[in-house]
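Each position in the sequence shown, counted from 1, maps to that position plus 794 in the numbering used here.
Inspection log for the structure reproduced underneath, given as structure tokens.
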Amino acid sequence: MKSTTSRLAAIGGLALVCTSSVQAATWSDTFIGYRYGTQFSEPGNPEDVTKNILQISHASGYVYGQNYFNLDILQSGDEDPAENSDSGATEAYLAYRHQLHYGKVFGEPLAFGPIKDVALTAGFDLNTKNSAFAPRKRFVAVGPTLKFDLPAGFLDVSLYYAREWNHCGLEACGFPGNDNDVSFDPYYQFNVAWGVPFDAGAMPMKFQGFFNYNGPKGEDYFGTETKPERLIRSSLMLDVGKLAWGESNQLWVGAGYEFWRNKYGNHDKPGVDTDALTFNLEWHL
795 MKSTTSRLAA
805 IGGLALVCTS
815 SVQAATWSDT
825 FIGYRYGTQF
835 SEPGNPEDVT
845 KNILQISHAS
855 GYVYGQNYFN
865 LDILQSGDED
875 PAENSDSGAT
885 EAYLAYRHQL
895 HYGKVFGEPL
905 AFGPIKDVAL
915 TAGFDLNTKN
925 SAFAPRKRFV
935 AVGPTLKFDL
945 PAGFLDVSLY
955 YAREWNHCGL
965 EACGFPGNDN
975 DVSFDPYYQF
985 NVAWGVPFDA
995 GAMPMKFQGF
1005 FNYNGPKGED
1015 YFGTETKPER
1025 LIRSSLMLDV
1035 GKLAWGESNQ
1045 LWVGAGYEFW
1055 RNKYGNHDKP
1065 GVDTDALTFN
1075 LEWHL
């Protein structure tokens, strides 16, 4: 448990480093969020998994582009136990992305059709989990992003070159001489991210989320070829703060949906497909 706590602290510290790198922000939005659902899944596990998820998210713009990071702390129910325990596993997952906007760097946007500008995006993901599998994901990605011109909100479409490294703590994985670490083949990731505010009558709302399509990344820990992976995580949120006390973009409450197919490239086994409804809450600072 001590090593897991140390890893969580390290990832949290890295998030603070990311925050300090955007001191000259021209705009920023930071929130603390919470998600809850009972229909999550884990590869190899036939049971539905309950998860309580604490979220810290930050986005900001600066003179040449923008930054984004998101840290999720996921606490599973006992359907997904920690190693040598009857209690649920704890996972930390950090994602960071940085965009350089063509228009901000060169003084004039690279605009055409519905595209208002083009960006170069680069970033990484890190995770750790105290389950028997003991994953330690290390992911990097780089590629172009098309930034669509919307009346409000944003829509970004990206194509990344991606690499991933991970770890398997199970004896069955069996990687002699390299401590059960695995380096996956390079693959492509198609990503769509959006956040669109709108009014439904007198109710201020927003629809937000992202979609990832990951190409196959070679053999997994057991020598099985991975398959393409699809993930959608979206939510429909109501601006409760604006309705209740007139403060917009402070307290949002709503419902989310997670769709995941071939989770982590796994297939033809229990727990690789997810259809999970969630309760979502955001408190913007």
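Here a beta-carbon is modelled for each residue, glycine too, at the ideal position from N, C-alpha and C.
In this chain, the beta strand (DSSP E) harbouring residue 1053 covers 1045-1055. In this structure, the CA atom of residue 1019 is about 12 angstroms from the CA atom of residue 1058. Between residue 1052 and residue 1027, the C-beta spacing is below 8 angstroms.
Cβ neighbours of residue 934 within its own chain (closer than 6 angstroms, five residues either side excluded): 918 and 957. Taking the Cβ atoms as the reference, residue 1035 lies roughly 7 angstroms from residue 1042, within the contact range of under 8 angstroms.
Judged by DSSP secondary structure, residue 1034 falls outside any beta strand (DSSP E) and instead within the alpha helix (DSSP H) spanning 1034-1039.
Per DSSP, reduced to three states, the secondary structure at residue 828 is strand. Beta-bridge pairing by DSSP links residue 928 to no other residue. Remark: three or more beta-carbon pairs, one from each stretch, lie closer than 8 angstroms, so the segment 946-966 and the segment 981-992 are flagged as touching. Around the Cβ of residue 1079, a 10 Å sphere holds fewer than 16 other Cβ atoms; the residue is exposed. Beta bridge pairing from DSSP links residue 940 with 912 and 951.
If you look at residue 863, you'll find it in the beta strand (DSSP E) that goes 859-870.
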